[in-house]
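Novice:
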DNA sequence: TAATTTTGCGCAACCGTTTGCACACCAGTT
DNA sequence: AACTGGTGTGCAAACGGTTGCGCAAAATTA
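Right under this line is the structure:
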């Protein structure tokens, strides 16, 4: 039955007309007579003709595919972000080639390579936690394939990115705790390699200073964000000469580790504030009292939009220095309902 | 600077040799002299030559892309499954085109259409909850593009699929509850359109009968799997003339809704058993006492493997009836640690 | 030295579609 | 009778790479 797919040539041969006429007829070109158009279309649908996209992509040098590399889909932030990306891609007639780095810098490099050989029209990246060099993205500049980073952006210049401004969110969070009467506020921060860690720290400091409180750097401790790492940091916090009455944690997962640990020690009374606002919070009995919401869906949408704009932008004519899109999605503090 | 990418033709022109020689040199063809090879390769790397994959895909009629359509990445089952799919695809040199139906049958149809125009080499599908017709997958048969269903498989014949056998898992689950002394066991089941609902019911019945207990059909109630639907079903359960002392729920999410609801009524003492074994269970204070684990990663891997095998299988020569892969991944009951 | 094999390379077709250009035909205008 | 203008169609090149076949020069053999 179903042999090779029908081509435009076969239609031409059967109808004894040229392939160009068939092509134009199918594309409703104005210079083709109505009767010819009808004949062609009728036969085409009878033969279940489907244009060979590979030929078309080749001809136009476009694939209508955007690549997305992100660390971990099981993290709620990313699975939500990908929905935003997908929705925009869908709307603008692109499809999404997906790959997870699992926070492994080596794998990320290989994935970038793969995206290159697939010749995606553009690339969306949220870099892995362990990535410390960024040359593997350079290739894309040479190939004139736009790259947009989102959320986890590399600390380098001349890139397009979309990220949330955690400084303002953190400022709000610390302010919120201060207003609640807390004076000793700890922070479990992430690795210094992450831009986001600096922003959190800055937000924290600014909130303290603007409330005329002195900033104690020993109350900010970096963690590797694992459960074991979190417990270690918590031990330090709890044995600190100024034991915090409230703690800002790097994200909801860290908050959950920390809360579970304090509860296992039968410690109560420490307020936690966190980032991300995970849906699982709704299922928990003991949760952060507030979270900084980062709007992953919105970030994903925005990043995809920028990427597709870049793809369709007329080439940088003058070869001049082009502008870089640096979009910041404001983060806001969401106070959780008390249970 | 970076103009159009280098092509094989330019290399040929510069070196004053033919394109075929360049092509063969780059592919280490045996009939090319060593010196020519060296010259070609040297120049190629100097010019940052990258073969145009679109041309190659066109030539071979292959894209090395597999499409994946699934309902919802934020469901842990699917985000884990996609990792399995991706890992296999990666290993076997394919990439993954992803799309979420968000459990919307209409959107699913459009996505199938898109996958078709992208001419994926194969398709992996977990159908949406609301899908009730399946003709949109027929096109792929005509185009000779293999389709493998996983987890949520449609109730039709002549398809390839990978799914877990929930009957055995359910049997184990009910047996487990019976051994614990429960005699009145409720079940919150899913819509009857899902194959999985039937399997659960069958497992339930078999466990009861094999323990010489009579099966009470009114203790199995179907739900739409939303929180509101779950609460409604729970109300029915709790007002049942035989109030269950244990309940088997369709999945962990339903279990969480149900548990939360019973706790809001200050009801204790009902044991819940569920499916999926979500990681968030670890963060919960009140959880199902056991879950049927369905091994999403394994299912994803298996499905991808089968799909790629099908893609690379020599065409069905005789046009004869080909075999369909129906793989069942056994599910097992995992008893949760008491907190 | 002539015949034969091997080595190294080029020619040209091909994959399916689009598109600039030419051309033939017919009608209406000078 | 020559000219203009539209209408409908076909020719052929182009996109970038692969590959069967042929052919010349060099190396081997008789």
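Protein chains in written order, with full-length UniProt numbering: chain P, 1 to 339; chain W, 1 to 339. The beta-carbon is built from N, C-alpha and C at its ideal position, and this holds for glycine as well. In this text, all values refer to a predicted model and were calculated from it rather than measured experimentally.
1. Over what stretch of residues does the beta strand (DSSP E) that includes residue 274 of chain W continue unbroken?
2. What residues in the region 284-302 of chain W have a beta carbon less than 8 Å from any beta carbon of chain P?
3. List, in order along the chain, the chain W residues whose C-beta lies closer than 7 Å to that of residue 7 of chain P?
4. Less than 7 Å between C-beta atoms, sequence neighbours within five positions excluded: which residues of the same chain meet that for residue 57 of chain W?
5. Excluding the 5 residues preceding and the 5 following residue 23 of chain W in the sequence, name in chain order all residues of the same chain whose CB lies nearer than 7 Å to its CB.
6. Mind checking if residue 74 of chain P is an interface residue toward chain W, Cβ cutoff 7 Å exclusive?
7. State yes or no: is the beta carbon of residue 325 of chain P nearer than 7 Å to at least one beta carbon in chain W?
8. Name the DSSP beta bridge partners of residue 164 of chain P, please?
9. Please report how far the alpha carbon of residue 197 of chain W lies from the alpha carbon of residue 147 of chain P, in whole angstroms.
10. Could you give the distance in angstroms between the alpha-carbon of residue 287 of chain W and the alpha-carbon of residue 297 of chain W?
11. Give the straight-line distance between the Cα atoms of residue 168 of chain W and residue 252 of chain W, rounded to the nearest whole angstrom.
12. Are at least three pairs of beta-carbons, each pair with one atom in the region 123-134 of chain W and one in the region 99-107 of chain W, less than 8 Å apart?
13. Whose Cβ in chain W lies nearer than 8 Å to the Cβ of residue 341 of chain P?
14. Distance cutoff 7 Å, beta carbons only. Does residue 280 of chain W sit that close to anything in chain P?
15. Go ahead and pull the three-state DSSP assignment for residue 268 of chain P.
16. Counting pairs of beta carbons, one from the region 184-201 of chain P and one from the region 246-266 of chain P, are three or more of them closer than 8 Å?
17. Taking the CB atoms as reference points, tell me whether residue 89 of chain W and residue 304 of chain W lie closer together than 7 Å.
18. Would residue 335 of chain W and residue 277 of chain W be called neighbours here (beta carbons separated by less than 7 Å)?
19. Express the C-alpha separation of residue 264 of chain W and residue 284 of chain W in angstroms, rounding to a whole number.
20. So is residue 149 of chain W in contact with chain P if we call contact Cβ pairs under 7 Å?
21. Report yes or no: is there a C-beta of chain W within less than 7 Å of the C-beta of residue 179 of chain P?
22. Along the chain, which unbroken stretches of the alpha helix (DSSP H) at least 4 residues long are found entirely within the UniProt domain "HTH lacI-type" (6-60) of chain P?
23. Taking the C-alpha atoms as reference points, what is the distance between residue 233 of chain P and residue 201 of chain P?
24. Quick check on the burial criterion: 16 or more other C-beta atoms within 10 angstroms. Buried or exposed for residue 69 of chain W?
25. Thinking C-alpha only, which one of W:275, W:112, W:294 is nearest residue 135 of chain W?
26. Given 8 Å as the limit, is there contact between the region 207-217 of chain W and the region 169-184 of chain W, that is, 3 or more CB pairs closer than that?
27. Indicate the three-state DSSP secondary structure (helix, strand or coil) for residue 213 of chain W in the structure shown.
28. Quick check on the DSSP output: the beta strand (DSSP E) that includes residue 187 of chain P runs from which residue to which?
29. Leaving out the 5 sequence neighbours to the left and right, which residues in its chain are closer than 8 Å to residue 306 of chain W when beta-carbon positions are compared?
30. What is the DSSP secondary structure of residue 246 of chain W, counted as helix, strand or coil?
31. What does residue 345 of chain W reach in chain P if we use C-beta pairs closer than 7 Å?
32. Give me the Cβ distance between residue 13 of chain W and residue 25 of chain W, rounded to the nearest whole Å; I'm assuming they're in contact under 8 Å.
33. By Cβ distance, which residues of its chain are closer than 8 Å to residue 79 of chain P, with the 5 residues on each side in sequence left out?
34. By DSSP, does residue 100 of chain P sit in helix, in strand, or in coil?
35. Could you tell me whether the Cβ atoms of residue 258 of chain W and residue 274 of chain W are closer together than 7 Å?
36. Quick check on the burial criterion: 16 or more other C-beta atoms within 10 angstroms. Buried or exposed for residue 301 of chain W?
Specialist: Put simply:
1. Position 274 of the second chain holds residue 274 of chain W. Run containing residue 274 of chain W: 271-275, per the beta strand (DSSP E) assignment.
2. 284, 285, 286
3. By one-based count along the first chain, residue 7 of chain P stands at place 7. Those do not exist, as residue 7 of chain P stays about 11 Å from chain W at its closest Cβ, beyond 7 Å.
4. Within the second chain, numbered from 1, the residue matching residue 57 of chain W stands at position 57. Within the same chain, residue 57 of chain W has close Cβ partners 63.
5. Walking along the second chain from the start, residue 23 of chain W turns up at place 23. Once the five neighbours on either side are set aside, the close Cβ partners of residue 23 of chain W are 8.
6. To locate residue 74 of chain P, count along the first chain from 1; it is residue 74. Interface residue, yes.
7. If you number the first chain from 1, residue 325 of chain P lands on position 325. False, the Cβ-Cβ gap to chain W never drops below 7 Å.
8. Along the first chain, one-based indexing puts residue 164 of chain P at 164. DSSP output for residue 164 of chain P lists P:329 as bridge partner(s).
9. Locating residue 197 of chain W in the second chain gives position 197, counting from the first residue. Locating residue 147 of chain P in the first chain gives position 147, counting from the first residue. One C-alpha to the other measures close to 44 Å.
10. By 1-based counting over the second chain, the position of residue 287 of chain W is 287. By 1-based counting over the second chain, the position of residue 297 of chain W is 297. Taking the straight line joining both Cα atoms gives about 23 Å.
11. What you label residue 168 of chain W is simply residue 168 of the second chain in a count that begins at 1. What you label residue 252 of chain W is simply residue 252 of the second chain in a count that begins at 1. Distance between the alpha carbons of residue 168 of chain W and residue 252 of chain W is about 18 Å.
12. yes
13. With chain P represented from 1 up to 339, any question about residue 341 of chain P goes unanswered, as that position is not in the structure.
14. Numbered from its first residue, the second chain carries residue 280 of chain W at position 280. So, interface residue.
15. Within the first chain, the letter at position 268 stands for residue 268 of chain P. If DSSP states are grouped into helix, strand and coil, residue 268 of chain P belongs with coil.
16. yes
17. Position 89 of the second chain, counted from the start, is the residue given in the question as residue 89 of chain W. Position 304 of the second chain, counted from the start, is the residue given in the question as residue 304 of chain W. Against a cut-off of 7 Å, the Cβ pair of residue 304 of chain W and residue 89 of chain W comes out as a contact.
18. By one-based count along the second chain, residue 335 of chain W stands at place 335. By one-based count along the second chain, residue 277 of chain W stands at place 277. Result no, Cβ atoms of residue 335 of chain W and residue 277 of chain W do not sit closer than 7 Å.
19. Residue mapping note: residue 284 of chain W aligns to position 284 of the second chain, counting from 1. Residue mapping note: residue 264 of chain W aligns to position 264 of the second chain, counting from 1. Residue 284 of chain W and residue 264 of chain W: Cα-Cα distance of roughly 15 Å.
20. Working through the second chain from its first residue, we reach residue 149 of chain W at position 149. So no, residue 149 of chain W is outside the interface.
21. Looking up residue 179 of chain P in the first chain gives position 179. No, no contact with chain W.
22. 8-15, 19-26, 34-46, 53-60
23. Counted from its first residue, the first chain places residue 233 of chain P at position 233. Counted from its first residue, the first chain places residue 201 of chain P at position 201. Looking at the two C-alpha atoms, the distance is approximately 16 Å.
24. On the second chain, residue 69 of chain W is found 69 positions in, with the first residue counted as 1. Buried is the call here.
25. Taking the first residue of the second chain as position 1, residue 135 of chain W is located at position 135. For the residues W:275, W:112, W:294, the minimum Cα distance to residue 135 of chain W belongs to W:112.
26. yes
27. Translated into positions along the second chain, residue 213 of chain W becomes position 213. Reduced to three states, the DSSP call for residue 213 of chain W is coil.
28. Reading the first chain from its first residue, position 187 is the one you call residue 187 of chain P. Here the beta strand (DSSP E) through residue 187 of chain P covers 185-189.
29. By one-based count along the second chain, residue 306 of chain W stands at place 306. Excluding positions up to five away in sequence, the list reads 148, 160, 162, 325, 327.
30. Counted from its first residue, the second chain places residue 246 of chain W at position 246. Note: residue 246 of chain W maps to strand in three-state DSSP.
31. Beyond the ends of chain W as shown, which are 1 and 339, falls residue 345 of chain W; an answer cannot be given.
32. Counting from 1 along the second chain, the entry for residue 13 of chain W is found at position 13. Counting from 1 along the second chain, the entry for residue 25 of chain W is found at position 25. That pair is no contact at about 15 Å.
33. The sequence position of residue 79 of chain P within the first chain is 79, counting from 1. Correct list, in chain order: 73.
34. As a working note, residue 100 of chain P is residue 100 in the first chain. In this structure, residue 100 of chain P counts as strand in the three-state DSSP scheme.
35. Stepping through the second chain from its first residue, residue 258 of chain W is reached at position 258. Stepping through the second chain from its first residue, residue 274 of chain W is reached at position 274. Result no, Cβ atoms of residue 258 of chain W and residue 274 of chain W do not sit closer than 7 Å.
36. Here residue 301 of chain W is taken as the residue at index 301 of the second chain, counted from 1. Classification for residue 301 of chain W: buried.
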